[in-house]
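Add 32 to a position in the sequence shown, counting from 1, and you land on the number used in our numbering.
C-beta atoms are modelled at their ideal positions from N, C-alpha and C, and glycine is treated no differently.
To start, the structure under review is shown below, and the notes come after it.
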Amino acid sequence: MENRCLSVDWSLIHPSIERESFFERLSISSYDAAFIDPFSISHRWTREIGAGADGVRRTDTSRDHGLGKTLSAWMAKRRSETSDLLTQAGGVVVCRLRPRGEPLEITSGGDAPPEHIDRYSWLPTVSLVDRHHQLVFPSNGRFVPRRGRDVILEDTRSPFATYLETFRESFVYDAVYQDLLSTPIERFARILARNKVGDVLAVEIPFDEGRLILIPPTEGVSPSHEASVLMEAVAALTERPAYSALPDWLPSYPLPGEDALNDELARLEERHAALTDKIAELRSNLEDTTHVKRMLFARGRHAFFPAVGEAFRVLGFDVEIDDDVLSLQSAEGDALVVAAATEEAKVQLPAYRRLLRAVDQAVTDGDGRRKGILVVSGSRHLDPKRRGTQFSDGVLRGCNDQGYCLLSTAHLFKLVQEALRSKKNLADVRRSLIECDGEFRGAEAS
C-alpha cells in the first residue's frame, strides 16, 4: 500500500501527497511521511513585528493581542505531531535544509525567561549517546547560511541516494549543517551529501524507528517529478531498519565469511576513491578545455569576457584583463579588445565607443596607438549558424574608419578550432587579426 504523505509549504504534486501550510489544520502525525520546507515559517512574525534597536524581533504576550502565545502554541503543536510521527509511528520526515532565519523572542512579563522561536522550533529533540560522544539535535545544531551548487554524494546505499543523484545539478543549497560541539555526526547519523569543503548538506537522523532527513532545496525542478522520486525514496526507506551506530565491541563477534567480505569491500572502496578522484580531474580538465565555448552563448565579465580572453591565448597572444578591456601582445603586434554580447540581433554603438575610448586612453597614457579589435556576439541564444549580421551599420562604419578589426565570436571560435586541430604556426592568424581593417573574413594557420 502506498504511503500517505503531507507536503507542508513545499510544492509537490502527487496523488498520494496532500498539501498544507504550516499554520493550517492537518496533523503531521496522521500521515506516514511529511515533506516540510521551513523557509516561509518565519514570515508569520517577520511581516508582523519589526526589529528593536538591538536588532532583535520581540513580542510581549501581554500586549500583542495573542500573537506570541499563538505562535508558541503552534510550535508546540507541530513539535508534538512530528515527534509522534517519528517515534510512535516510525514515520519519515523530509525537511529542506534552510538557515534558522530571523528568530522571535516571546516575553510574558515577570521573571519568566523569554521563549525564542525560529524556523526549526517545531523539531522534536533527540539525544544520541555512545561511550565517547553525544549528539543532541536540534539544540546543538547550527544551520549555517552558505550558498552553492557543489553537492557531492556521500552514501550511495541510502534510498535517498537516487533522489540526490537525480537532482544533483538542480540543488542550490543555502545552508549547511554543523554541530555546535563538533560531535562526529557520522557516528550517529547517515551523512548523505557534503559540499567540496566537507560541510554536511544532507543527513538522515534516526528518531527510534523513524527517520528525519535534511536535504538541500532544488531550483527549476518539476513538482510532479520531484514528488515522484521522493515517494520512491520514502517507500524504499520505510522497508529498511533505521540507522544505528555499531557498538565498538561488535567486531569481537565475527561471522564466517565476514572478514572476506570486508576485505573485498575495502578493495572496492579504494578503487572507487581512485575513480572518483580521476573523474573529478577529468571534469576539471574538460571545463578548462571547453571554457572558451562560453563566448558563443554567455554574457558578462565573469563568463563571456574571460572566454574571449582564453580564445586569444589559444591563438598565441599574451593576454591581460583590465576591467572590461583585453590587452593583447605578440610579435606580430599589440591590440586592445572590447567584447560585447547581447540577446538582440546586433551589437550597437556603445561597444564600439568603449573600444574607441580604450584606444584613445592608451595614446594619452603614452602607450602609443594600439590596434583595436571589437568582438561581437549578437542573438547569443541562437545557434551561431542561424545568426545574421551581428553588428549595426554604424559599428561597421566606425571600425572601417578607425582601422579596427571587427569579428564575431563564431569567427573567433573557428580560429580556435583550427588552432587546436592543426597545431601549426599561428603567426599568420595573429598577423591577419592585427592587420584587419573592418569586418574580419577569416584566416588559416600556416
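CB-CB length for leucine 358 against glycine 426, believed under 8 Å: About 23 Å separates the Cβ atoms of leucine 358 and glycine 426, ruling out a contact at the 8 Å cut-off.
As assigned by DSSP and simplified to three states, the class of serine 115: Helix at serine 115.
Per-residue DSSP class, three states only, for leucine 38: Looking at leucine 38 - three-state DSSP - the assignment turns out to be strand.
Arginine 151 beta carbon less than 8 Å from that of aspartate 133: It should be pointed out that residue 133 corresponds to glycine in this sequence rather than to aspartate. Yes, the pair counts as a contact, with Cβ atoms nearer than the cut-off.
Coil, strand or helix - alanine 477 by DSSP: Any reading at alanine 477 must be qualified, since the residue scores a pLDDT of 42, below 50, and its modelled position is unreliable; the value itself is stated next. DSSP places alanine 477 outside both helix and strand once states are collapsed to three, so it counts as coil.
Threonine 250 - partner residues in DSSP beta bridges: Secondary-structure assignment with DSSP links threonine 250 through a beta bridge to Phe203.
N-terminal and C-terminal residue of the alpha helix (DSSP H) that serine 256 is part of: Counting along the chain, the alpha helix (DSSP H) containing serine 256 begins and ends at 255-270.
Lysine 456 versus threonine 321 - alpha carbon distance: Cα-Cα distance, rounded: 18 Å.
Local Cβ density within 10 Å of serine 478, reported as buried at 16 or more and exposed below that: Low per-residue confidence applies at serine 478: pLDDT is 39, beneath 50, and the placement is therefore not dependable enough to give any value.
Host alpha helix (DSSP H) of histidine 304 (start-end): Here the alpha helix (DSSP H) through histidine 304 covers 290-322.
Unbroken alpha helix (DSSP H) run spanning glutamine 434, endpoints: Here the alpha helix (DSSP H) through glutamine 434 covers 425-434.
Threonine 114 and leucine 155 closer than 8 Å at C-beta: Judged by beta-carbon spacing, leucine 155 lies within the 8 Å limit of threonine 114, meaning their Cβ atoms are closer than that value.
C-beta atoms of valine 379 and valine 340 nearer than 8 Å: No. Outside cutoff.
Segment contact flag, the region 193-210 with the region 72-92, C-beta cutoff 8 Å, min 3 pairs: With a cut-off of 8 Å, the region 72-92 and the region 193-210 do not count as touching, because too few Cβ pairs lie within range.
Outcome for histidine 489 when other beta-carbon atoms lying within 10 angstroms are tallied against a minimum of 16: Residue 489 lies beyond the range of the chain shown here (33 to 478); nothing can be said about it.
Nearest-angstrom beta carbon gap, arginine 36 and serine 53 [assumed within contact, 8 Å]: So it is not a contact: roughly 18 Å between Cβ atoms.
Spatial neighbours of glutamate 476 in its chain, beta-carbon cut-off 6 Å, leaving aside the 5 residues before and after: Confidence at glutamate 476 is low in this model, with a pLDDT of 48, below 50, so its placement is unreliable and the value that follows should be read with caution. Cβ contact annotation for glutamate 476 (same chain, cutoff 6 Å, sequence separation greater than five): none.
Alpha helix (DSSP H) segments (min. 4 residues) lying fully within the region 176-221: Runs of the alpha helix (DSSP H) lying entirely within the region 176-221, each at least 4 residues long, are 193-198 in chain order.
Nearest residue (CA-CA) to glycine 100, options Ala85, Ser140 and Arg130: Ranked by Cα distance from glycine 100, the options Ala85, Ser140 and Arg130 are led by Ser140.
Delimiting residues of the beta strand (DSSP E) encompassing serine 159: Element bounds for serine 159: 158-161.
Boundaries of the alpha helix (DSSP H) in which arginine 402 is found, first to last residue: Looking at the DSSP string, arginine 402 is not in any alpha helix (DSSP H), and its letter there is neither H nor E.
Other residues of its chain near aspartate 116: CB distance less than 7 Å, five sequence neighbours each side excluded: Once the five neighbours on either side are set aside, the close Cβ partners of aspartate 116 are Ser61.
Uninterrupted beta strand (DSSP E) stretches inside the region 333-377 (no shorter than 3 residues): Counting only runs of 3+ residues, the beta strand (DSSP E) found wholly inside the region 333-377 occupies 350-354, 357-361 and 367-373, in chain order.
Same chain only: Cβ atoms within 6 Å of leucine 212, ignoring 5 sequence neighbours per side: Result list for leucine 212: Asn172 and Arg174, in chain order.
Neighbourhood of alanine 259 by C-beta distance below 7 Å, restricted to the same chain and skipping five residues each side: So the list reads Leu44, Ile45, His46 and Ile49, once near-sequence residues are dropped.
Nearest neighbour of valine 235, chosen from Ala268, Glu186 and Pro283 [CA to CA]: Distances from the alpha-carbon of valine 235 to those of Ala268, Glu186 and Pro283 put Glu186 closest.
Buried/exposed call for glycine 430, threshold 16 Cβ in 10 Å: Around the beta carbon of glycine 430, 16 or more other beta carbons sit within 10 angstroms, so the residue counts as buried.
Rounded separation between arginine 189 and proline 286 - CA only: Their Cα atoms are separated by approximately 23 Å.
Integer-rounded CB distance, given that aspartate 469 should sit under 8 Å from asparagine 432: That pair is a contact at about 7 Å.
Status (buried if at least 16 other CB within 10 Å, exposed otherwise) for alanine 363: Answer is exposed; the Cβ neighbour count stays below 16.
Simplified DSSP state of valine 229, which is helix, strand or coil: Annotated three-state conformation of valine 229 is coil, per DSSP.
Straight-line gap, valine 158 to phenylalanine 239 (C-alpha atoms, nearest Å): Roughly 7 Å between the two C-alpha positions.
Contact set for proline 131: own chain, Cβ-Cβ below 7 Å, skip 5 residues either direction: Answer for proline 131: Phe175, Pro177, Asp206 and Ala207, listed in chain order.
Exposure of glycine 404, with buried meaning 16 or more beta-carbon neighbours within 10 Å: Buried, since its Cβ has 16 or more Cβ neighbours within 10 Å.
Nearest-angstrom Cα separation, counted from threonine 250 out to arginine 303: Rounded to whole angstroms, the separation of the alpha carbons of threonine 250 and arginine 303 is 31 Å.
Glycine 173 (DSSP reduced to helix, strand or coil): Strand, per DSSP.
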